[in-house]
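What follows is a set of notes on a single structure, which appears directly below.
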Amino acid sequence: MLDITLPDGSKREVEQGTSPFDVAESISKSLAKRSILARVNGELWDVKRPFEGDSTLELLDIKSPEALDLVRHDAAHVLAQAVQELFPDTQVTIGPVIDDGFFYDFARKEGFSTDDFAAIEKKMNEIIDADLPINREVWAKDDAIAHFKKIGEKYKAQIIDDIIPPGEDITLYSHADQWSDLCRGPHLPSTGKLPKAFKLMKLAGAYWRGDSNNEMLQRIYGTAWANEKDLKAHLMRLEEAEKRDHRKLGNALDLFHLQDAAQGQVFWHPKGWTLYRVLMDYMRRVQDRYGYREIKTPQLMDRSFWEKSGHWGKYRENMFISSIDQEDKVLAVKPMNCPCHVQVFNHGQKSYRDLPLRLAEFGSCHRYEPSGALHGLMRVRAFTQDDAHIFCTEDQITDEVKRFCDMLREVYAALGFDDVTVKFSDRPETRVGSDEVWDKAENSLRVAAEASGLEVVYNPGDGAFYGPKLDFVVKDAIGREWQTGTIQADFNLPERLDAEYVGEDGAKHRPAMLHRAIFGSFERFLGILIENVAGAFPMWLAPVQVVIATIMQDADDYALEAAAELRKAGLRVEVDLRNEKINYKVREHSHQKVPIIAVVGRQEMDDRTLALRRFGDAKGRPEVVELAACCEKLRAEAAPPDLRET
RNA sequence: GCCGCAGUAGCUCAGUGGUAGAGCGCGUCAUUGGUAAUGACGAGGUCGGGAGUUCAAUUCUCCCUUGCGGCACCA
0 MLDITLPDGS
10 KREVEQGTSP
20 FDVAESISKS
30 LAKRSILARV
40 NGELWDVKRP
50 FEGDSTLELL
60 DIKSPEALDL
70 VRHDAAHVLA
80 QAVQELFPDT
90 QVTIGPVIDD
100 GFFYDFARKE
110 GFSTDDFAAI
120 EKKMNEIIDA
130 DLPINREVWA
140 KDDAIAHFKK
150 IGEKYKAQII
160 DDIIPPGEDI
170 TLYSHADQWS
180 DLCRGPHLPS
190 TGKLPKAFKL
200 MKLAGAYWRG
210 DSNNEMLQRI
220 YGTAWANEKD
230 LKAHLMRLEE
240 AEKRDHRKLG
250 NALDLFHLQD
260 AAQGQVFWHP
270 KGWTLYRVLM
280 DYMRRVQDRY
290 GYREIKTPQL
300 MDRSFWEKSG
310 HWGKYRENMF
320 ISSIDQEDKV
330 LAVKPMNCPC
340 HVQVFNHGQK
350 SYRDLPLRLA
360 EFGSCHRYEP
370 SGALHGLMRV
380 RAFTQDDAHI
390 FCTEDQITDE
400 VKRFCDMLRE
410 VYAALGFDDV
420 TVKFSDRPET
430 RVGSDEVWDK
440 AENSLRVAAE
450 ASGLEVVYNP
460 GDGAFYGPKL
470 DFVVKDAIGR
480 EWQTGTIQAD
490 FNLPERLDAE
500 YVGEDGAKHR
510 PAMLHRAIFG
520 SFERFLGILI
530 ENVAGAFPMW
540 LAPVQVVIAT
550 IMQDADDYAL
560 EAAAELRKAG
570 LRVEVDLRNE
580 KINYKVREHS
590 HQKVPIIAVV
600 GRQEMDDRTL
610 ALRRFGDAKG
620 RPEVVELAAC
630 CEKLRAEAAP
640 PDLRET
């Protein structure tokens, strides 16, 4: 007999071979029906799997958070069965749970098409309707391998062979006697328990085991939820995210465009470029304040230079190369600014008194990114970094990193990103530099990260070969995370490019070098920013801050005069004198997400006022302000965060 | 780069083996209207590029190109 302890502390004696389901049934039929998963001695457990000794037992229903993973996992299995029934020449591989759903990777000569989804979903529903019992079976490793080989599932056989230690048993889960798959479990007691709240979403290629040297499998993505309401809510969220897509907004708000002839490069339109400039001006002021010296370095450098820096050897494939007919020279377009910055450092003799030297550049870089990697502004081939390199002594690293963290927090807060975490990555296996130097640098970065007040996540072994690093991750308005800023120590480049300074002792020393960026690239950061605010920029960033819209033509002169006054106050103003109704104009500029629409009609003209309507505040009555006061008020509202008076 | 899907007017999209259509936008005219679409008329397309099949291709086939969704990559 076994002792089973329930969550309320009560105990039951049951016979060997009893399962959580049996216990549930002995309590009530409805409980047994509801229970789709158990927790036995703290471990998730199939409800039909017999206890293996005295146990604590908790029964879980579909509403429990653990159940959602189960649902998604079972959805993946039902998908796999459906696919194999419809397409018998298909082999299964793996099918894990992911955020919001699941996927399953299949191997099949002919491709699937999204047109097949309807049939597959139909078949999945049939499998659910058939309510096939899901059984757990324990197999010996070698038997399982032989079994999968025999039925032609070579991927499954390979997985077992690779990941299961010799002698260890494995578990298979079968849907009645129709279908079975290698799986750790647990699973639902039967296919009928799977809620019909799933949807197949995407079809994609995926390399076997994530290695591009391997064959490509076909991955089917699906989403699955505990009920239809949650599914609908999820689909709604996807639609909302789509509306924020910076590529759509970039077009709708006339910020930029991309075109075939310049793959991966951006054509910034007046409004988008205004945004870019405002951001750059802001960063320039902040940089100046934090003690950076701005520089500008060449776009093209001779091949031999890149050979010396080591980039030619390591990144040649991703570099754009240029040559000229008259000369037998190969130049490379710079993929990064650091080697150029070392040249500025190296020019003339540097003393320890010059350190730390912070060289900043809005450096325009080009990288040949694989075509499949390009994505709107987020991944481009030509971009501008808010790049800087700090040359300092090893002892100065901690202070410099702290200073950088302060600056980064200030900038992110100004742009509306308050949720920031920092990832600390230390020495990888293959690296340059002595362990003593790594110790010192890692320690400096760690201390600075911990002092920053940001949440620190540790990433052991994930540093660059040339030094440890901190990466900064911001969370946006709809909860997505973006890696943006970074600061990295580098022991390699100063060595390769012979950077040195004269120390207090009169001898020559290698400086430490820190690479750092806050935005990363303007292009990408603007993409993130556009999506974060969904195109509705705060006043200081808005490409057009005020539109003056007239109601009738008699007000034209006054509208132009008011615009001139507002522009004198430094505001970005447009005037809409078109022969259209005010409703039409308000609608259009609201769609353009202009922060302030100033309406001008007979009344305002006579009183020399403006009637202000703010974006997102449609219900409130217009605020009527005298023109001179309005200039002052809006000037204050439009001030960048670092120039605000309060 | 790899797998799948797509490219039709400035934008969003419909459509067909017999050389194209809507809405919005744009232009002209009328209307001078008080906070999310005034009306009428008009212009606008080598149906991504090339080749093939066909009497005939925007439509079918192949190649290229670009984009989209993933995978791989991201100094």
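Going by numbering that gives the first Met the number 0, the first residue of the first sequence is number 0, and it counts up by one from there. Quick reminder that beta carbons are idealized off the backbone N, C-alpha and C, glycines included.
Using a 10 Å radius around the Cβ and a threshold of 16 neighbouring Cβ atoms, would you call residue 447 buried or exposed? buried
Using only alpha-carbon positions, find the residue among 67, 412, 19 that is nearest to residue 53.
The residue with the shortest Cα to Cα distance from residue 53 is 19.
Notebook entry, point to check: On the three-state DSSP scale, how would you describe residue 136?
Noted result: strand
Distance CB(residue 454)-CB(residue 420) smaller than 8 Å
yes
Beta strand (DSSP E) containing residue 549: first to last residue?
For residue 549, the enclosing beta strand (DSSP E) covers residues 545-549.
Checklist entry - Taking the DSSP output, what are the residues bridged to residue 300? => result The partner list for residue 300 (beta bridge, DSSP) reads 331.
Report task. Could you tell me which residues DSSP puts in a beta bridge with residue 572? Result -> 545
- [ ] Give a yes or no on whether the C-beta atoms belonging to residue 292 and residue 196 are separated by under 8 Å.
- [x] no
ask   = Quick one: Cα of residue 618 to Cα of residue 489, how far?
value = 55 Å
For residue 376 versus residue 522, is the C-beta spacing smaller than 8 Å? yes
Neighbour-count burial assignment, residue 483, 16 or more Cβ in a 10 Å radius
buried
- Counted within 10 angstroms of its Cβ, other Cβ atoms place residue 608 as buried (16 or more) or exposed: Classification for residue 608: buried.
Q: Could you check which residue in 614, 560, 630 has the C-alpha nearest to that of residue 568?
A: 630
* To do: Would you mind reading off the limits of the beta strand (DSSP E) that contains residue 512?
  => 511-520
- Item | Alpha-carbon to alpha-carbon, residue 443 and residue 400 | 8 Å
Notebook entry, point to check: Going by the beta-carbon positions, is the gap between residue 329 and residue 299 smaller than 8 Å?
Noted result: Contact flag unset, no.
Exercise for review: Verify whether the separation of the beta carbon atoms of residue 307 and residue 509 is less than 8 Å.
Suggested key: no
- Task: Measure the Cβ-Cβ separation of residue 71 and residue 96 and say whether it is below 8 Å.
- Result: yes
message = Going by C-alpha to C-alpha distance, which of 184, 342, 167 sits closest to residue 43?
response = 184
Q | Where residue 481 sits in the DSSP three-state scheme | A | strand
**Request:** In angstroms with no decimal places, state the Cα-to-Cα distance between residue 561 and residue 579.
**Result:** 20 Å
From the DSSP output, in three-state form, read off residue 286 for me. Correct three-state label for residue 286: helix.
Beta-ladder partner(s) of residue 221, from DSSP: 101, 199
- Do the segment 528-539 and the segment 245-256 touch if we need at least three Cβ pairs shorter than 8 Å? yes
Query raised in the report: Using the rule of at least 16 other Cβ atoms within 10 Å of the residue's Cβ for burial, across every protein chain shown, is residue 338 buried or exposed?
Result: By the neighbour-count criterion, in which a residue is buried when 16 or more other Cβ atoms sit within 10 angstroms of its Cβ, residue 338 is buried.
Test item: CB-CB of residue 548 and residue 598 under 8 Å: Yes, they are a contact pair.
ask   = Using the C-alpha atoms, what's the distance from residue 263 back to residue 125?
value = 46 Å
Decide if the segment 59-67 is in contact with the segment 160-178; the criterion is three or more beta carbon pairs, one per stretch, under 8 Å apart.
-> no
contact_flag[the segment 533-544, the segment 509-520] where n(CB pairs < 8 Å) is 3 or more: Fewer than three pairs of CB atoms, one per stretch, sit closer than 8 Å, so the segment 533-544 makes no contact with the segment 509-520.
Which of helix, strand or coil DSSP assigns to residue 10:
strand
ask   = Do you know offhand how far residue 473's Cα is from residue 505's?
value = Rounded to the nearest angstrom, the two C-alpha atoms are 44 Å apart.
Excluding five sequence neighbours on each side, which residues of the same chain lie with their C-beta closer than 7 Å to the C-beta of residue 301?
328, 330
### Message
For residue 190, tell me which candidate among 15, 123, 200, 386 has the shortest Cα-Cα distance.
### Response
123
ask   = What separation, rounded to the nearest whole angstrom, lies between the Cα atoms of residue 384 and residue 256?
value = The alpha-carbon atoms of residue 384 and residue 256 are separated by roughly 20 Å.
Tell me where the alpha helix (DSSP H) around residue 250 begins and ends. 245-251
### Message
Could you tell me the alpha carbon to alpha carbon distance between residue 393 and residue 5, rounded to whole angstroms?
### Response
CA-CA distance, residue 393 to residue 5, rounds to 60 Å.
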